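The sequence shown begins at 119 in this note's numbering and counts up by one.
Don't be surprised by glycine CBs; every beta carbon is placed ideally from N, CA and C.
Quantities reported herein were computed from a predicted structural model and do not represent experimental measurements.
What follows is a single structure, written as structure tokens, with notes after it.
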Amino acid sequence: MAAALAAALLAGLLVLLLNLPGDGPGEDAAESPATTSEAAPTTGEETGPSSSAPEEPEAPASEVVDEPAADPLSAENITAFLESYHQQVIEDPAAAWERTGPTLRSNISREGYIGYWNDFSDVTVSEVQASDGQTQVTGRLTWVRTDGSVESAVRLFTLIERDGQLVLDSELDP
């Protein structure tokens with residue numbers, strides 16, 4: 119009973135803390151261009167190999183076409199990230215913490231995050247609404263607590279890129 123109360127308090131605190139930075143998504147949008155500028159050197163690196171192959175003018179064009187498919191912010195990659203992240207929070211919340219961004223981390227400590235996810239035996243994400251290039255997407259989370267109780271809600275996820283990989287920067291009520 120006390121564990122359930124503590125879990126409810128932690129969940130409430132997490133929701134409260136994640137809802138406080140109302141400007142967070144705007145700040146995240148500001149971080150995304152910085153991440154985009156990180157992608158620019160990658161593009162520059164790709165220009166190097168294309169310059170070494172001037173005999174095939176079609177090769178640089180195909181490289182440019184391939185970039186969007188490899189874009190971490192493709193709808194397919196976003197959905198795959200959310201599914202794998204939410205599987206990992208159950209299997210290894212300490213490792214999942216490494217896939218979180220600064221907004222989430224500023225609202226909950228690593229220990230609090232791990233403790234929060236240890237109160238659940240399963241979590242699934244479904245109904246993901248993502249489009250290529252979006253940093254904010256919605257999806258339905260279904261949480262199963264260790265006591266067997268089930269909760270489900272639509273959530274707004276804000277994602278950012280870090281070192282070419284997606285990270286979850288925040289998760290809020292839409």
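Through-space distance from Arg258 to Arg217, alpha-carbon basis
Rounded to whole angstroms, Arg217 to Arg258 spans 19 Å at the Cα level.
If you draw a straight line from the alpha carbon of Val207 to that of Trp215, how long is it in whole angstroms?
Rounded to the nearest whole angstrom, the CA to CA distance from Val207 to Trp215 is 8 Å.
Any idea what DSSP makes of Gln247, helix, strand or coil?
The answer is strand: DSSP assigns Gln247 an E or B state.
Environment of Thr221 [buried if 16+ CB atoms lie within 10 Å]
Burial call: buried.
What residues are listed by DSSP as bridge partners for Gly257?
Note: Gly257 sits in a beta bridge opposite Arg273.
Contact under 8 Å by Cβ, Leu274 with Gln254
In this structure, Gln254 lies closer than 8 Å to Leu274 by Cβ.
Among residues of its own chain, excluding the 5 on either side of Leu200, which ones have a beta-carbon nearer than 7 Å to its beta-carbon?
Here the set comprises Val243, Val246, Gly257, Phe275.
Taking 8 Å as the limit between beta carbons, can you name the residues of its chain near Asp250, skipping five residues before and five after?
Correct list, in chain order: Pro186, Asp189, Leu191, Ser192, Ala193.
Between the beta-carbon of Leu284 and the beta-carbon of Leu290, is there less than 8 Å?
Leu290 is positioned such that its CB atom lies no closer than 8 Å to that of Leu284.
Which value, in whole angstroms, describes the spacing of the CA atoms of Ser227 and Ala212?
Their Cα atoms are separated by approximately 11 Å.
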